[in-house]
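Accompanying notes for the structure given below.
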Amino acid sequence: MDSRQLALKLLKAMNSNNRPTGIHGLADDTGGSDYFVLHYLEQHSDVTPSELSKSLHVTTARVSKIIRGLESKQLISRNSMPTDLRKFVISLTPLGKQALNDHDEKRLSYLSQMMEYLGEDDAEDYIRLITKLSQRGANRN
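Residue numbers (our numbering): 75 to 215.
See below:
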């Protein structure tokens with residue numbers, strides 16, 4: 075198995091609890107919280123701030139700050155709800171989708187290098203352990 079396939083396998087193990095996982099050592103313009111929000115918006119359309127808060131286990135104040143930052147970078151858009159103009163929903167913009175794709179590609183490249191450094195046997199062991207720990211964490215929630 076090549077390092078890219080091992081990296082994909084690792085990402086699958088790390089994301090088995092359906093929450094995006096940050097990679098330490100991977101720095102770019104899309105910070106950890108921003109990435110989590112963009113990732114969530116990619117998988118769910120027209121999300122309210124309160125839904126984001128519950129799903130990501132952060133306060134609504136934190137979500138508001140993240141939304142303002144992402145909106146200023148034009149990565150998301152805010153639109154009023156047709157049924158209640160006092161509320162709004164958040165969606166990814168094309169620029170946001172591109173930023174998320176770029177981040178995911180950097181993440182995969184970083185993990186591929188890590189898997190290559192470990193070698194196939196150690197990488198498989200690492201993935202096995204991450205999978206085991208993820209399953210334990212999922213069972214505790």
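Beta carbons are placed, not taken as given, at the ideal position from N, Cα and C, and that holds for glycine.
Just to confirm, are residue i and residue j a CB contact at a threshold of 8 Å?
{"i": "Leu-55", "j": "Leu-112", "result": "Residue 55 lies beyond the stretch modelled for the chain, which goes from 75 to 215, so this question has no answer here."}
{"i": "Leu-115", "j": "Leu-166", "result": "yes"}
{"i": "Ala-81", "j": "Leu-182", "result": "yes"}
{"i": "Lys-161", "j": "Thr-205", "result": "no"}
Whole-angstrom Cβ separation of residue i and residue j, contact assumed at under 8 Å?
{"i": "Ser-77", "j": "Glu-190", "result": "4 Å"}
{"i": "Val-137", "j": "Asn-153", "result": "Incorrect: roughly 16 Å between the Cβ atoms, too far for contact."}
With a 10 Å radius around its C-beta and 16 neighbouring C-beta atoms as the bar for buried, classify residue i as buried or exposed.
{"i": "Ala-135", "result": "exposed"}
{"i": "Leu-207", "result": "exposed"}
{"i": "His-131", "result": "exposed"}
{"i": "Leu-174", "result": "buried"}
{"i": "Leu-85", "result": "buried"}
{"i": "Arg-83", "result": "What sits at residue 83 in the sequence shown is Lys, not Arg. The residue in question, Lys-83, is buried, as its Cβ has 16 or more Cβ neighbours within 10 Å."}
Skipping 5 residues on each side, what residues in its chain have a beta carbon closer than 7 Å to that of residue i?
{"i": "Ser-124", "result": "Thr-134"}
{"i": "Leu-192", "result": "Tyr-200"}
{"i": "Leu-169", "result": "Gln-148 and Leu-149"}
{"i": "Asp-75", "result": "It is Met, not Asp, that sits at residue 75 in the sequence shown. So the qualifying residues of the chain are Glu-194."}
{"i": "Gln-119", "result": "What sits at residue 119 in the sequence shown is Ser, not Gln. Closer than 7 Å at Cβ, skipping near neighbours: Ser-165."}
Which same chain residues, not among the five before or five after residue i, have their C-beta less than 8 Å away from its C-beta?
{"i": "Asp-108", "result": "Ile-140, Gly-143, Leu-144 and Leu-149"}
{"i": "Asp-158", "result": "none"}
Among residues of its own chain, excluding the 5 on either side of residue i, which ones have a beta-carbon nearer than 6 Å to its beta-carbon?
{"i": "Met-188", "result": "none"}
{"i": "Leu-126", "result": "Val-137"}
At 4 residues or longer, what runs of the alpha helix (DSSP H) sit wholly inside the stretch 119-200? Entirely contained in the stretch 119-200, the alpha helix (DSSP H) runs reaching 4 residues are, in chain order, 123-130, 134-146 and 168-192.
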